[in-house]
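Below you'll find the structure, written out as C-alpha cells, and then a few comments.
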Amino acid sequence: MALTQVSSNKCAGGFQKVFEHDSVELKCKMKFAVFLPPKAETHKCPVLYWISGLTCTEQNFITKAGSQLAAADNGIMVVAPDTSPRGCGVEGEDDGWDLGTGAGFYVDATQEPWKSNYRMYSYVTRELPKLINDNFPADPERMSISGHSMGGHGALICALKNPGKYKAVSAFAPICNPVQCPWGQKAFAAYLGPDRAAWEAYDATVLASGYAGPPLDILLDQGRDDQFLSASQLLPDNLIAVCSEKKIPVVFRLQPGYDHSYFFIYSFINDHIKHHAKYLNA
Amino acid sequence: MASPLKKSPGVKDRHDDMFGNGRIESDINSSRNQLQEKVAEMENFAGHLEEIFLTVEENFGRREQHLEHHYTDVLQTISQRYDERAARLEDEKKRKLEALYTQLLACGHALDASKELIEEAKEVYRSQDKRVFLKTVVPTLKRIEEFAKEEMDLTLATNLDFETPLADLSDVKSMMDSINIVPAPSAPVINPQMANSATQTSLRVCWSLFSDDTVEFYELYYRLVLQNAPLDSTTAPQVRKAKVKETHCTVKELLPGAQYELWVTATNTTGISPASEKALYMTVPSPPVIKQRQCCSCPEAALIRWESGNPDPVDSYTVELTELKGSDGNEKGVTESVVAVPTCQCLIQLQAGHCYLISVRAVNIGGPSDRSKEICISTSGTFFYLLEETAHPCLSISEDGFTIFYGDEELPISAMALDDDNFTRCVAVLGDLIPVRARHYWEVEVDDRTEFRIGVAYEDTERNSYLGGNNTSWCMRHILTTSRHKYEFLHSGQSPDLRITVNPVRIGLALDYDWGTLSFFNVDLEQHLHTFQCQFQRYVQPCFGLDSPGALTIHNGIEAPKYAFIEHP
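Those protein sequences? They're chains W and P, same order as listed.
The numbering of the first sequence is the UniProt record's numbering, which starts it at 1 and goes up by one.
The numbering of the second sequence is the UniProt record's numbering, which starts it at 1 and goes up by one.
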C-alpha cells in the first residue's frame, strides 16, 4: 500500500503532512492528514483520529482547529481523514451537500448505488488505523477518537461499537441521535435502506443504551447558539438521558454564544486534546 | 668479605634516600613545629611567672607598707601613753613634797616654841630673887602645862606610796592583734548566667571574689521570680539558701522554665560581706506541646504548630526532623534541625513521598528543653484538618475531624452563638490548608442524595454569603431537583452550563497555584468534571458546605492521581 506525500509543513516543532493512497475499502484515492509531534522522531506515539463533519475534507481540521500546539505538547499524533470517497462516479453523490461526497456518515452502506464505495466506517476503524500503524511511529495500543458534527456522530459510534478499541472519545456538537433527525434519516435511508433496525447499529444514542464495554469517559462540547441544535439535528439531550440512565460517564458542556463553526472548535480544542492525553498517556 | 656486608647497608641507605627524604623532611617539620609549640608554651609560661612575680612583689610591698604603718601606729600610741603617765606621776610627786614641806615647817615652829619655854623655865629656876621667882613660877607652870597639853601631830601628812592605776592597754593589744587579722570580705560579684548551664530543674551559678579577700564560705540565696505577680510581699516566694565553699553552686529542685533571682554573700572569721548584686537566671524550659490538630502538610512541606508549655517566654524554638527510612519505617535517617524559630510555628521544607518524625525543643539562656512528643508527617499527599471555628452552628464535625454533618433538627437560638469567624448563612466550614504555593489534592466522599458545595475560598471569604456566590470562593455545587441531579461550578454566582451523566460520589479536587487551576474529578471514573482558571492572589482554604441535611467526608493525605495534574504535564 503505497503512500504519496502530498504536502509537508513544519508545525509546532513537528510536521503537518498530507498523504494520498489507494483505499481498498473505498476503491478510490483518499487523502488524509497526519500531524507528527516532535516526540514522534524518537518515540512511538499515541494517535488521535479526528473525524470531520459534513462537507469537510482533511484540510478543514488542520487549517482551522489549531490543535497542533496542544498535540505537540502532549506527544500525540493526530490523523484526520476525508469525510467520504471522492470521484467514484456514484450516481447522485454530488447532488446535495448532506449525502454522497463529503457526507459519508461513517457507515458501511448496504444499498445500491452506495454500497461498493461508501464504506467509511470500515475505512476509519480498520483500514486507516492499519495504514497508520504500518507507516508511522504509532503505538497501536493507544488510539482515541474525536470529531465534529457528523464526525462527532462518527467518533461516538466508532467508540461505542468497538468497546476498548479507543482509549477516549470526545465530540464537538455531534449528531447524537441520527435516526431521529432529518440529516440522519436522509443519509441512513439512502445508505442503509428502509429498515430502521439497521440504522440503529449506527446511532450513538441507541448504541449507548446497549453499551456493555469498559467505562468510556465522553467529553461533549456544544455551542448554545448552534443553528443545528435549534433545528433538532443534533439532539444531545437524548444521548445524555440514555447515558445518565446507563451510567455512561459524560461531561456535556453547553457553551453560551458559540455556533457550529470551527471557531467554536478552535476555542475548546485544547480541552479535548487534554482529555485524550489523559487516557492516551496514562 | 667486608665489601658485601658494607654494600647492603649502602643499598639500604640509597633506598632510604629515595623513599625517606620526604619522611625525614616531614619528621623535621613536625619536630620543628613541636619545638616551636614548646617555645611558645614556655614563653607563655615565663610570661605567667613574670606576672606572678610582679603580683607577689606588689602584694609583698603592700603588706610591708601596711605593717610599717601599723607598727608606727602602735609605737605612737604607746609613747603617748607613756607621756601621759609620766606627767601624772610628776604631779603627784609635787603634791606629796609640798605637803611634807609644810609639815616640816610646822615641826620647826613647835620645836622653837618648846626651846623658848625651856629657856624661860631655866631662867625662873636660876632666879635668886624669891619674890620674883614666886611671881613668875605660876604663869610659867601654867604655860608649861598648857604646852604639854598641845599634842604634836607627828604622822606623815602624805602617803609614801604612789598611786599607780592599771594601765588600759586593750586598744594597743587589739592593734597588735589586728596586725595578723584579715578584714571581712567585700561583696562578691555574681556572674550573669552562662548559656546552656542549666537543666529543667537546676541552675549552675558562678560568682567571683576580690583577690584581696579571704573567704571561708559563701551563702547563695535564691528566690523564684513570679511573672505578673502582684507586688504583695506576703505572697512573695520563699528565699532559699545554700552554703558552699566554692565560687559556684548548682541549685536543684527548681521549677522548669522559670526565672530565679540570686545573690551571694561571703563570710570569714571576721565577718560577712554585703550581698552581691542580684542576678536573674532561667531554668531550662519544659518541652513544648505540638498541636496535632493544627499541623498540616503537603508533599513539599509541613507546617508545625505548638504550644510553648512554659509560663515565661522562651528565647526561641528548635524544630528537629528525622526521616523514617526502610519499607517498615523503622530505620531512622539523619536528624536535621531548624534553629532560632521565634514563634510557635514553623514551615519546614520536606521531600515528597517520605515519612518524617518531627519534634520541637524550647530554648532559653539555660539551654534547650527535652524534645516534645513527636509528630509523624507523611509527605505522600496534602493533609489538613478543618478550621472548626469557622463552622456554621448547624454543622457538626465527627471526632476524627473529617466528616461533617448537617442535622434535621432545628437549633435553638441560644445555640446559634456566633463568632466573627463562623459561617452564618451557608452551612459550611473551611479547611486549614498549608500555605504553600504548590499542588494540592484532596477528595470528598458524598452520598448522591446530598446537596453540597465543595471547593476553595480565601480565608476571609464573606461568612454571610454562599460559597461560590462571591468572587472569593470557587466551588462545585450539587443540587437535587425532582427530575434530576444538577451540578454547578460556581464563582461570583456564575456557573458554566454543564451536564454530568454519572453522579460523582467521590470527588477529587486538584489545586495548582502555579497554573492557577482548581479541577474537579469523579474519582471512581477518573473523569474530569471541570477546571476553574484563576490566578489565586492569596492562599486559599478548602471549603465544604451542605445545602440540605446530610453528611460529607473528607479524605486527606492521599497521593494525587496522575491525571489530577495532567493539564500541565
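Beta carbons: idealized from backbone N, C-alpha and C, even for Gly.
Cross-chain neighbours of residue i in chain W, by beta carbon under 8 Å
i: residue 562/P; result: 282
i: residue 527/P; result: 217, 249, 251
Three-state secondary structure (DSSP) of residue i
i: residue 171/P; result: helix
i: residue 11/W; result: strand
i: residue 265/W; result: helix
i: residue 259/P; result: strand
i: residue 478/P; result: strand
i: residue 199/W; result: helix
i: residue 70/W; result: helix
i: residue 193/W; result: coil
i: residue 170/W; result: strand
i: residue 161/P; result: coil
i: residue 18/W; result: strand
i: residue 13/P; result: Unreliable positioning characterises residue 13/P in this predicted model, as indicated by a pLDDT of 48, which lies under 50. A coordinate reading is not provided.
i: residue 440/P; result: strand
i: residue 184/W; result: helix
i: residue 239/W; result: helix
i: residue 317/P; result: strand
i: residue 494/P; result: strand
i: residue 7/P; result: Any reading at residue 7/P must be qualified, since the residue scores a pLDDT of 44, below 50, and its modelled position is unreliable; no value is offered.
i: residue 76/W; result: coil
i: residue 120/W; result: helix
i: residue 177/W; result: coil
i: residue 403/P; result: strand
i: residue 295/P; result: coil
i: residue 364/P; result: strand
i: residue 223/P; result: strand
i: residue 248/W; result: coil
i: residue 468/P; result: coil
Extent of the continuous alpha helix (DSSP H) run through residue i
i: residue 151/W; result: 150-161
i: residue 131/P; result: 130-149
i: residue 228/W; result: 227-230
i: residue 60/W; result: 58-64
i: residue 134/W; result: 128-135
Beta-carbon neighbours of residue i, restricted to chain P and to distances below 9 Å
i: residue 158/W; result: Near residue 158/W there are no residues of chain P at all, since even the closest Cβ is about 19 Å away, more than 9 Å.
i: residue 256/W; result: 496, 497
Boundaries (first-last residue) of the beta strand (DSSP E) holding residue i
i: residue 553/P; result: 550-555
i: residue 205/W; result: Note, residue 205/W: premise wrong, no beta strand (DSSP E); alpha helix (DSSP H) at 204-209.
i: residue 522/P; result: 517-522
i: residue 221/W; result: 218-223
i: residue 250/P; result: 248-251
i: residue 187/P; result: First-last for residue 187/P: undefined, no H or E at that position.
i: residue 542/P; result: 540-546
Under 7 Å from the C-beta of residue i: neighbouring residues of chain P
i: residue 240/W; result: 499, 501
i: residue 275/W; result: 528
i: residue 244/W; result: 501
Beta-carbon separation (whole angstroms), residue i vs residue j, contact threshold 8 Å
i: residue 390/P; j: residue 433/P; result: The Cβ separation is near 13 Å, so there is no contact.
i: residue 175/W; j: residue 227/W; result: That belief does not hold up - the Cβ atoms of residue 175/W and residue 227/W are roughly 14 Å apart, past 8 Å.
i: residue 14/W; j: residue 46/W; result: In fact, because the Cβ distance is near 14 Å, the residues do not count as touching under 8 Å.
i: residue 317/P; j: residue 341/P; result: 4 Å
i: residue 304/P; j: residue 346/P; result: 5 Å
i: residue 20/W; j: residue 29/W; result: 6 Å
i: residue 459/P; j: residue 470/P; result: Actually they do not touch by this definition, with Cβ atoms about 13 Å apart.
i: residue 264/P; j: residue 220/P; result: 5 Å
i: residue 301/P; j: residue 349/P; result: 5 Å
i: residue 264/W; j: residue 499/P; result: About 18 Å separates the two Cβ atoms, so there is no contact after all.
i: residue 501/P; j: residue 157/W; result: With 8 Å as the limit, residue 501/P and residue 157/W do not qualify as a contact, their Cβ atoms being about 18 Å apart.
Contacts that residue i makes with chain W (C-beta to C-beta distance below 9 Å)
i: residue 494/P; result: Going along chain W, no residue has its Cβ under 9 Å from residue 494/P, so there is no contact; the nearest lies around 10 Å.
Partners in chain P for residue i, counting only beta-carbon separations shorter than 8 Å
i: residue 28/W; result: Near residue 28/W there are no residues of chain P at all, since even the closest Cβ is about 39 Å away, more than 8 Å.
beta-carbon residue i near the ligand FAD non-hydrogen atom, thresh 7 Å
i: residue 555/P; result: For the ligand FAD, the structure offers nothing, since it holds no ligand at all.
Beta carbon proximity, residue i to chain B, threshold 8 Å
i: residue 143/W; result: Protein chains in the displayed structure are W and P, and chain B is not among them.
Margin query: What are the residues in the region 188-219 of chain W lying within 9 Å of chain P by C-beta distance?
Written below: 215, 217, 218, 219
Margin query: Under 8 Å, CB to CB, which of the residues in the region 503-523 of chain P have a partner in chain W?
Written below: 522
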